[in-house]
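Going by my numbering, the sequence shown opens with residue 193, and the numbers climb by one from there. Glycine included, each C-beta is placed from N, C-alpha and C at the ideal position. All values derive from a computational prediction rather than experimental measurement. Here's the structure, in structure tokens; my notes come after.
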Amino acid sequence: MFGLDPLSRPVAIAEILLLLSFATIIGWLLGRLVMSGRVSALRLAIADKEAELDECRRVKFATPTASRNALIVETSDVIRPAPVAPTAGPPAFVHADPIEPATSFDTTPEIIIDTDPSPAPLPDVAAVVPPVATYIPEAVSSAPPVAAAAMTGNSEAAVLNRIAARAEELNFDRIGRATAAEADDLKDIVGIGPFLERKLHSLGIYTFRQVSNFTKEDIDKANEIIEFFPGRIERDNWVDQARTFHERKYK
193 MFGLDPLSRP VAIAEILLLL SFATIIGWLL GRLVMSGRVS ALRLAIADKE AELDECRRVK
253 FATPTASRNA LIVETSDVIR PAPVAPTAGP PAFVHADPIE PATSFDTTPE IIIDTDPSPA
313 PLPDVAAVVP PVATYIPEAV SSAPPVAAAA MTGNSEAAVL NRIAARAEEL NFDRIGRATA
373 AEADDLKDIV GIGPFLERKL HSLGIYTFRQ VSNFTKEDID KANEIIEFFP GRIERDNWVD
433 QARTFHERKY K
């Protein structure tokens, strides 16, 4: 028709391009139509929701007023009971003789006169009042001294009291004196537990410095007073441990 050779390559390419362009235009038109339909449906749904929301708001604001009006109407329609007339009260008095009002116009009550004016006998006060017991305090017996009781027995308090009573047997001029405020944690020394630490405190031993100053005489005396197993201080090497802790703490 146009003098084109359908078998030539350029003509075939041009035909393919024309077909692709036509298909693209058709697809775009179809997509536009579908999109327009969806947009219209969404707009209708939004309009319906807005209408429902407006209706809900209108009902919400109108309901309290209607409820109040209905409450007022119902309250006004309530039938209030008629006031009850007060009933006649009982007579102020009853005549002494119930037969007399029928035969006489005198309604004055009679006064009853007691023929026995003597007063009733009063109870004997002495017989009513119970006797008061007299309290005589007993003589306070002298209690035994607490210290003597605390020194006997095998309780922890008794053991610590016995140790404290012999504390002056140690040579504190050589090992040094200390107070509880200066106390080191003697449990850091291997072989000393909480109870053993309390025993040493009762003896007056509070610091690493004091333990590091122990001599053979002090070790034997401490073993005797605290009732250690013989050789425990030397076996656990308390003196060297205490010296190491003291140097580490105060270097």
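**OP:** Would you check if there are 3 or more beta carbon pairs closer than 8 Å linking the region 356-365 to the region 396-416?
**Re:** Yes, the region 356-365 is in contact with the region 396-416.
Subject >> Beta-carbon spacing of L395, I355 below 8 Å >> reply: Here residue 395 refers to the residue found at position 203 when the sequence shown is read from its first residue. Here residue 355 refers to the residue found at position 163 when the sequence shown is read from its first residue. Taking 8 Å as the cut-off, the beta carbon of L395 is found closer than this to the beta carbon of I355.
Subject >> Cβ-based burial, I217 [other Cβ within 10 Å; buried from 16] >> reply: Along the sequence shown, one-based indexing puts residue 217 at 25. Classification for I217: exposed.
Original post:
Going by beta carbon distance, what residues of the same chain come within less than 8 Å of E409, once the five residues before and after it are set aside?
Top reply: Counting from one through the sequence shown, the residue named residue 409 turns up at place 217. Result list for E409: N363, in chain order.
Subject >> Extent of the continuous alpha helix (DSSP H) run through R358 >> reply: In the sequence shown, residue 358 corresponds to position 166, counting from 1. Neither: R358 is in no alpha helix (DSSP H) and is coded neither H nor E.
**OP:** Could you round the C-beta distance between F400 and V431 to whole angstroms and report it? I think they count as a contact, below 8 Å.
**Re:** Walking along the sequence shown from the start, residue 400 turns up at place 208. Walking along the sequence shown from the start, residue 431 turns up at place 239. Their Cβ separation, rounded to whole angstroms, is 10 Å, which puts F400 and V431 out of contact at 8 Å.
**OP:** Let me know the secondary structure DSSP gives N405 once reduced to three states.
**Re:** Walking along the sequence shown from the start, residue 405 turns up at place 213. Of the three classes helix, strand and coil, the one that applies to N405 here is coil, per DSSP.
Original post:
Would you report the Cα separation of S200 and M227, rounded to the nearest angstrom?
Top reply: Position 8 of the sequence shown, counted from the start, is the residue given in the question as residue 200. Position 35 of the sequence shown, counted from the start, is the residue given in the question as residue 227. Straight-line Cα distance between these residues: approximately 41 Å.
**OP:** With distances taken Cα to Cα, identify the nearest neighbour of D380 among R435, I238, F214 and L212.
**Re:** Working through the sequence shown from its first residue, we reach residue 380 at position 188. Looking only at R435, I238, F214 and L212, the smallest Cα-Cα distance to D380 is reached by R435.
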